[in-house]
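Here is the structure we will look at, set down as structure tokens.
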Amino acid sequence: MRIAEISSPQPQPQPPDSTTDLLRELESLTREVEGHSPESAIATSLRHVLSQLTPLAPFQNHVKLQIWKLSYRLWNACIDLSNFARTSLTTEHAQLRQSAADLLHLALDVSGVPSPCFKCASFYYRTGTIWYQLLSYDLANSCFEKATDLTATINVSDVQERRMLLDLHIARAKTAWELSDKNLAINLLNRSKKVLFGIADNYMALANQYMCFGKLALSKSEAGGVNNAVKLMSEALELCEKGLRNVNMADEKQALKELRLKTLRFMAAAHLQRDEFDSVLKCVRVLREGEKGEHHPSSSVLAMKAWLGLGRYGEAEKELKGMVVYKGIPEGVWVSAVEAYLQAVGSSGDQTAMAVFLGGLGRCRISAGAAIRVVQRVAADCVNGDGPRVRAKVVADFVSNDKVVAIFSDAKERSGMHALLWNCAADHFRSKDYEVSAELFEKSLLYVPHDIENRSLRAKGFRVLCLCHLALSHFDRAQEYIDEAAKLEPNIACVFLKFKIYLQNNDHNGAITQIQAMPACIDFTPDFLSLSAHEAIACRAFSVAVDSLSCLLTFFSTGKPMPTAEVIVFRTLIAILIQQPQNENEVLKYMKRAHTRFSDLGPGRFFGSGEAGRRERNWFALNLWNIGLKSGQDKNYELCAELFRLCAEYYGVSIDGEMEGNNLMVCKSIVLAVSAMLAGEKLSNDPLTDNEVKQAIDLLERAEKMLMSGFTKTRIDDDQTTTIEPHFYFIYTMSAYDLYTRITDTESKQILLIKNYASSKHCNTNYLVQIGLNASEGPQSNTEVATFCLNTCISLLLSSSSPDYQTVALVLRKLITITGVHRCNNKFNGNDDDDDDGVYGMYKKAYRIMVGLNAGEYPVGEGKWLAMTAWNRAALPLRLGQVVEAKKWMDMGMELAGRVAGMDTYKSCMEDYVCGVEKKLRTHGHLIVGS
């Protein structure tokens, strides 16, 4: 007894009417199924009734017959449902079939029904097959196992019953394979050999299943998968051989032979995958013997791959060429063979593969997709593989063949080939192989229809061909292509490429014409002008670059987004102009334009902020400074003055962080500007107008304010001060003095100007001498200024620790001359003020300086000049009888001569002469004129 029977009370017999009710409910549900009601609800109800009916077994025979009838009715209704729906099977439908099989199994021992076990097994087998199709392998396996149990004890004699036994074993094997129990699956196939019964179909079915498992093992990259595939193929081949020995009918033998050949092909494929090339060739040899002249295309492919594996490329080539004779060869076979050959042989086999493919076009139906695959295989190594130029040439010849072009009738296929060729050409273009690139781009146009929809694509092809020929310096061909592109799609790209052609041909006028045509294009953007400028600079076509940048500057005022900052464009343009000689006026023009722009926009928006903005401003100002200096050196003073005046404006721009710009450089620029104006006046002998003089004075007054401040700070946070160099202060002083002489009532300003200079720390004795000399000469001389400068100079020189007596002597001579001239002028004008004391004082001062000096320390020549001129000054008074005055000058001359080396003889003569004069005075009491 079972444990449940011992531990549980005995079940009470159910009243007969409960079975009747359940059967009635079953019949009702069956009718619903027959009425094509929804399956889901009925399947659940059937399972529920079946679960209630099962404990009521065993049943009387008439009840069993009724259950059998209901089961068959339910099964037939399911068949009707599947035929009526014509859709894929569902889980609910499989559950209905399962319920029908379980009902039949419930009344299995019915009397009066032949072979009930086999019929029930048939239900379970078919239900399991449905579960297998629904990928419910566990439920399928359960059904197959029940069917196997039902057929295990019966003797079958009918052909159909025998076949079902084989199908059941094969079904169990397939299910076990899907459940990853491959050993059980193979074991079940081996068991199936016992139920073949010498029937040809059974041999074929079992061999075919062995072959299917072999193909599955071959397709998966598992360890030992190929070995298992070979074993399974061998089993299939053995079954075919056994079947051929056991069957007699010709048609059955033929079917087994075909299956045997098919198995051999797959076995050859398995050997090929294991690199057993000799075994592959043996299989092929057997295949060809069995095919009797009608060779299967795959045999040639297998043989070719085997020969390739053995390195016998000549034999492989023969096999490949031999495929051309096959009519109707499948496309996949063609492509596979060609790809394998190309992969093994490399670029040396390109021409052979392409020739074979072209030969097959006339005999087989090959699609455009196959041609694309072959081209893709060859083109894959066109850039990085061996012999790229040769392979590209083969591709170009292949795709331009009329037969190949003819098979591309579909627009999508044409687009695919065009894209493939285009990408290959682009790879060559990037690797700078422009010749091959141009050829491939040209061939790609064969696959672009000549219609309106593809005008843009054809124009794009012509433009890229223009680029290729530009790179190859084939300018005429490039011009032809871009002209064609412009006809199809006139746009900015065409204009730009024409610009490049003119530029490469050194036709600068033509290039400038294209630049001027760019803004008229619909798709124009300022980026093209910027790009044109870069191209022109790279070609050193500076006039073209200047025109391009000048045109670009006109678009900044529109407010549209620009490719670069306006200040950079100005800087680049001016830098180009500076590199070329005789462009100073052009530089000045664009500097003025830049000045106008930053005056309108504000320095911050134009130059930028912070340190970057200051660098930009200083670049412009510094170049103005340098060009101004060069213009001054070239004596182009008018231009020099304008450049320095504009330079002052740039340096005066205040960028954030500064107080008033760079005042030091502003001051220097103003000084040099005014100095250039005066130098230009002197060079041209064309006096400045009153207005120009007023402008110059205004500029110097602006500079004076900066100079009087004593220092200039360039940054708010900068504690260091920078002062102007002495020579700039001198130039300022000289220029201001010159200008003040041109207007009335400025004597006080002149002397104040010089006194300010003399009292400044920039004062230099050499500069004072120059100012004094300048003030003493010319029609607008100023004796007061000259005398002040020279006296101040002597004072400064003598106060020095090591005085320059050469300069002192020269200044003294000039002072004596100025004083003498001034005395004569006064007498001529009726002013009889005696300035003789002033001249005598100068001589006296010279004498005092000479006292105590070593011999030769005071310039000898100047000392002689002083002594001689002092002595000669006694002549006139002596003739006029002014003995005292004459005696004073003669004494001065002798004293000075005594301090000068080499004048001893002169001094003796002087003393003798003085003694003679004194003797005459004592004798006659007066000096006789002429004596």
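Take 977 as the starting number for the sequence shown in this note's numbering and just add one per residue. Every residue, glycine too, gets a C-beta built ideally from N, C-alpha and C. Bear in mind that the values here come from a model prediction, so they are computed numbers and not experimental data.
Using a threshold of 7 Å, state whether the C-beta atoms of residue i and residue j are closer than that.
i: Y1713; j: Q1726; result: yes
i: K1644; j: F1704; result: yes
i: M1866; j: V1890; result: yes
i: F1451; j: N1482; result: no
i: G1290; j: F1253; result: no
i: A1070; j: W1107; result: yes
i: L1194; j: A1205; result: yes
i: A1461; j: L1416; result: no
i: A1123; j: L1144; result: yes
i: L1464; j: A1493; result: no
i: E932; j: V1025; result: Any question about residue 932 goes unanswered here, given that the chain covers just 977 to 1907.
i: L1766; j: L1791; result: yes
i: F1173; j: M1209; result: no
For residue i, which residues of its own chain have a beta-carbon under 8 Å away from its beta-carbon, when the five flanking residues on both sides are left out?
i: L1729; result: T1709, A1712, Y1713, Y1716
i: E1121; result: R1148
i: P1579; result: G1589, R1593, V1629, S1630, I1631
i: E1560; result: I1603, K1606, S1607, N1612, L1615, L1619
i: L1676; result: I1646, V1647, V1650, Y1708, S1711, A1712, L1715
i: I1491; result: F1475, L1505, S1508, V1520, D1523, S1524, C1527
i: K1883; result: M1870, A1873, G1874
i: V1260; result: A1244, S1275, L1278, A1279, A1282
i: Y1457; result: F1438, R1439, L1441, C1442, H1445
Output needed for residue i: all residues of its chain with C-beta closer than 7 Å, excluding positions within five of it in sequence on either side, in chain order.
i: E1008; result: I1018
i: L1479; result: A1487, E1511, A1512, C1515, A1517, V1520
i: S927; result: Residue 927 cannot be examined here, being either before or after the span of the chain that is shown, 977 to 1907.
i: L1235; result: M1180, A1183, N1184, C1216
i: L963; result: Limits of the chain in this structure are 977 at one end and 1907 at the other, which puts residue 963 out of reach.
i: A1877; result: A1831, G1832, V1836
i: R978; result: For R978, the predicted structure reports a pLDDT of 31, less than 50, and the residue's modelled location is therefore unreliable. A value from the coordinates is still provided. Same-chain partners within the cutoff: there are none.
i: C1497; result: N1467, I1468, V1471
i: T1795; result: D1811, G1814, V1815, M1818
i: E1418; result: L1441
i: Q1074; result: T1103
i: E1887; result: M1870
Note down the Cα distance separating residue i from residue j, rounded to an integer number of angstroms.
i: V1309; j: K1095; result: 47 Å
i: V1351; j: E1429; result: 26 Å
i: Y1816; j: A1822; result: 10 Å
i: R1367; j: M1225; result: 56 Å
i: E1680; j: R1621; result: 15 Å
i: P1090; j: S1021; result: 30 Å
i: G1892; j: E1657; result: 59 Å
i: S1735; j: A1551; result: 43 Å
i: N1467; j: R1439; result: 11 Å
i: L1080; j: R1349; result: 57 Å
i: F1582; j: S1575; result: 9 Å
i: Q1556; j: E1562; result: 11 Å
i: C1442; j: C1623; result: 47 Å
i: K1864; j: A1850; result: 8 Å
i: E1228; j: V1380; result: 44 Å
i: I1544; j: D1499; result: 24 Å
i: F1764; j: L1856; result: 33 Å
i: A1843; j: T1881; result: 13 Å
i: S1771; j: V1787; result: 11 Å
i: C1119; j: K1238; result: 33 Å
Does the beta carbon of residue i sit closer than 7 Å to a beta carbon anywhere in chain C?
i: L1772; result: As a matter of chain content, chain C is missing from the structure shown, which is built from one protein chain.
Output needed for residue i: all residues of its chain with C-beta closer than 6 Å, excluding positions within five of it in sequence on either side, in chain order.
i: A1316; result: K1281
i: K1365; result: The sequence as given places Arg at residue 1365; Lys does not occur at that position. The answer, listed in chain order, is V1412.
i: W1398; result: S1420
i: I1653; result: The identity of residue 1653 in the sequence shown is Met, whereas the question assumes Ile. Taken in chain order, the residues that qualify are A1617, A1672.
- Counting Cβ pairs, one atom from each stretch, are 3 or more of them under 8 Å apart for the stretch 1422-1432 and the stretch 1392-1401? yes
- State whether the stretch 1753-1764 contacts the stretch 1778-1785, with contact taken as three or more CB pairs (one from each stretch) at a distance under 8 Å. no
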